[in-house]
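J.: In our numbering, the protein residues as written are 3 to 157.
The beta carbon of each residue, even a glycine, is placed where N, CA and C say it ideally should be.
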């Protein structure tokens, strides 16, 4: 984004050659710098990154983070969604459920097991953060054909 903005400034025309050269150099430097991988944008601790990457759904968390980031979710919300997907993957492995068997009913069973969080503001209770976005994550996995690929790969 910033590169495009600077590029537009250069083409609007600076009469000063030095200023123009500065912005052209800045554009080239920014376009050559490597962007952070998506997961590193939301987590910095090596232990957390390692856990997320090594989980059952680890290879697909980048796609989830990218989709949420493009949808303009806040960083805190994206972190909660990624943690929820990781926790769900751990639960799936603990229950010895094959990845290609994961469906809406599996998610409902998982969410029921989490219980609800009660407070003055939500007397009926609300779902914990560990249940955030799992249906959307399941749909993303289906679209990518990841559930069958995970089942073939094995634990």
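#1: List in chain order: all unbroken alpha helix (DSSP H) runs of 4+ residues lying wholly within the region 117–147.
#2: Does DSSP put residue 42 in a helix, a strand or coil?
#3: Taking C-beta to C-beta, are residue 99 and residue 136 nearer than 7 angstroms?
#4: Taking the straight line between their C-alpha atoms, what separation do you get for residue 41 and residue 70?
#5: Can you give the beta carbon distance from residue 58 to residue 91, rounded, assuming they're within the 8 angstroms contact cut?
#6: Kindly indicate which residue of 49, 89, 56, 73 has the alpha-carbon position closest to the one of residue 134.
#7: Measuring only the C-alpha atoms, how far is residue 32 from residue 46?
#8: Please state whether the Cβ-Cβ distance between residue 84 and residue 51 is less than 7 angstroms.
T.: This is what the structure holds:
#1: Taking only runs of at least 4 residues, the alpha helix (DSSP H) segments lying wholly in the region 117–147 are 136–146.
#2: Locating residue 42 in the chain shown gives position 40, counting from the first residue. Residue state, collapsed to three classes: helix.
#3: As a position in the chain shown, residue 99 is number 97, starting the count at 1. As a position in the chain shown, residue 136 is number 134, starting the count at 1. No, the Cβ-Cβ distance between residue 99 and residue 136 is not below 7 angstroms.
#4: Counted from its first residue, the chain shown places residue 41 at position 39. Counted from its first residue, the chain shown places residue 70 at position 68. Whole-angstrom Cα-Cα distance: 12 angstroms.
#5: To locate residue 58, count along the chain shown from 1; it is residue 56. To locate residue 91, count along the chain shown from 1; it is residue 89. With a Cβ gap of about 4 angstroms, residue 58 and residue 91 count as contacting.
#6: As a position in the chain shown, residue 134 is number 132, starting the count at 1. Residue nearest to residue 134 within the set 49, 89, 56, 73 is 89 (criterion: CA-CA distance).
#7: For the purposes of this step, residue 32 is taken as the residue at position 30 of the chain shown. For the purposes of this step, residue 46 is taken as the residue at position 44 of the chain shown. Residue placement at residue 32 cannot be trusted, given a pLDDT of 42 that sits under 50; the coordinates are not used to answer.
#8: Translated into positions along the chain shown, residue 84 becomes position 82. Translated into positions along the chain shown, residue 51 becomes position 49. Against a cut-off of 7 angstroms, the Cβ pair of residue 51 and residue 84 comes out as no contact.
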